[in-house]
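The sequence shown begins at 2 in our numbering and counts up one residue at a time. Idealized CB from N, CA, C, for every residue including glycine.
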Amino acid sequence: MKRKLLYLCLFIILAIIGHSYVIYRYIYDGVLFTGPNDGIEQMIPIQMYLFDNWSKGNWFYASDFGLGGDFFTDLSYYFSTNIIFIFNVVVIVLLKTFIPLNTSDVMFWTTNALIISIIKSAIAMLGTFIFVRYISFNRNIAILAAFIFVVSPLYFRFTVYWPFFSDIFIWLPLLLWSIERFLKSGKIGWFILIVAISLINNFYFAYYQLLTGILYLSVRVLFRHKNDLVPRFKAFWSLALTSFVALGCSLFVFFHAVQGFINNRR
2 MKRKLLYLCL
12 FIILAIIGHS
22 YVIYRYIYDG
32 VLFTGPNDGI
42 EQMIPIQMYL
52 FDNWSKGNWF
62 YASDFGLGGD
72 FFTDLSYYFS
82 TNIIFIFNVV
92 VIVLLKTFIP
102 LNTSDVMFWT
112 TNALIISIIK
122 SAIAMLGTFI
132 FVRYISFNRN
142 IAILAAFIFV
152 VSPLYFRFTV
162 YWPFFSDIFI
172 WLPLLLWSIE
182 RFLKSGKIGW
192 FILIVAISLI
202 NNFYFAYYQL
212 LTGILYLSVR
222 VLFRHKNDLV
232 PRFKAFWSLA
242 LTSFVALGCS
252 LFVFFHAVQG
262 FINNRR
């Protein structure tokens, strides 16, 4: 337990180091994540809108959404089903009961975006460390790989333009770890949980995660490890069937997200 706490503290420190230039520019220049495409200027108003409605008890429908509509379904591409954002909202609501927070201020959500990015990158490093440590058995290599993978231009590009997309840095390493764990031990519970969470968190990027998982599994089944316990044929069928189980577990959200995407006529 003590070692796990030390690793968590280490990754938080590394996440702050990785964001050091971003923090510097935000404090001294008042600039956070500038760039083309959607960007923070679109993401923050969506977060504010969802928080405002959820805090008032409007969970799905709002009369001011266009001419009135199901904002939960239509914003599922963004944050309405995003697990990290939902936890973020819960924490803010709890903090507001003890600390006065001006959640109607854009600057509050801008600062919140930076804090969440640091926390998310620390969690992503931890997930990457778990995967690399499992396949390499070398702690130093796993720490280095986790830092390089997360503190990369791609992570910041996603976080700048579409913060919900950078969640892939958490769920993808954990997905690959769950595949490795199944092949070497036959235990499949974590695979079902991670696939279900990925489908709930963002249905759109779960598609790319699926392709990566299939490619990784194909390579791993073709080039077996000496410690693999699950035969090739059983590995494919077991993971395919349990993927449908995970899909079923996520349908209460995944169905509405896909419905919103199909009905988008932009």
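Using the rule of at least 16 other Cβ atoms within 10 Å of the residue's Cβ for burial, across every protein chain shown, is residue i buried or exposed?
i, result
"V107", "exposed"
"H226", "exposed"
"P164", "buried"
"I124", "buried"
"L6", "exposed"
"Y156", "buried"
"G249", "exposed"
"K121", "buried"
"L96", "exposed"
Would you tell me roughly how many angstroms separate the C-alpha atoms of residue i and residue j, rounded to the nearest one?
i, j, result
"D75", "R140", "43 Å"
"F61", "S81", "9 Å"
"N89", "S219", "36 Å"
"I41", "V161", "6 Å"
"V92", "P154", "29 Å"
"F253", "I18", "39 Å"
"I149", "Y22", "16 Å"
"N113", "Y79", "17 Å"
"Y29", "G187", "52 Å"
"T129", "I116", "20 Å"
"F99", "K3", "30 Å"
"F159", "S167", "5 Å"
"F204", "A258", "7 Å"
"Q260", "S77", "10 Å"
"S56", "G67", "20 Å"
"I136", "G190", "19 Å"
"H20", "F170", "16 Å"
"F262", "N228", "42 Å"
"S251", "A241", "16 Å"
"F245", "I24", "42 Å"
If residue i sits next to residue j, beta carbons under 8 Å apart, how far is it from one beta carbon to the other, in whole angstroms?
i, j, result
"A247", "A197", "4 Å"
"L127", "Y217", "At roughly 20 Å, the Cβ-Cβ gap does not stay under 8 Å, so L127 and Y217 are not in contact."
"T243", "I193", "5 Å"
"N202", "N59", "Not confirmed; about 22 Å, so no contact."
"F132", "L177", "5 Å"
"V231", "L175", "Not confirmed; about 19 Å, so no contact."
For residue i, I'd like the list of residues in its chain whose CB is within less than 6 Å of its CB, leaving aside the five on either flank, ordered along the chain.
i, result
"N54", "A63"
"V222", "R233 and A236"
CB-CB under 7 Å to residue i, same chain, minus the five flanking residues each way: which ones, in chain order?
i, result
"R267", "Any reading at R267 must be qualified, since the residue scores a pLDDT of 49, below 50, and its modelled position is unreliable; the value itself is stated next. Cβ within range, chain order: n/a, list empty."
"R134", "R140 and A143"
Using a Cβ-Cβ cutoff of less than 8 Å, which residues in the same chain neighbour residue i once the five nearest sequence positions on both sides are dropped?
i, result
"R26", "V32 and L33"
"M49", "T104, S105, V107 and W110"
"L102", "I93, L96 and F109"
"L51", "F72, L76, F80, S81, F86 and V90"
Less than 7 Å between the CB of residue i and some heavy atom of the ligand HEM, yes or no?
i, result
"T74", "This structure simply doesn't include the ligand HEM, nor any ligand for that matter."
Exercise for the section: Go through the segment 30-75 residue by residue and report every complete run of the beta strand (DSSP E) that reaches 3 residues or more, in order. Expected result: No beta strand (DSSP E) of 3 residues or more sits fully in the segment 30-75.
Exercise for the section: Could you name each continuous alpha helix (DSSP H) segment of 4 residues or more that falls completely within the segment 128-207, going from the start of the chain to the end? Expected result: 140-151, 154-162, 169-186 and 190-202
Handout entry: Length-filtered (4 minimum) alpha helix (DSSP H) runs lying within the segment 72-124
Key = 72-75 and 84-97
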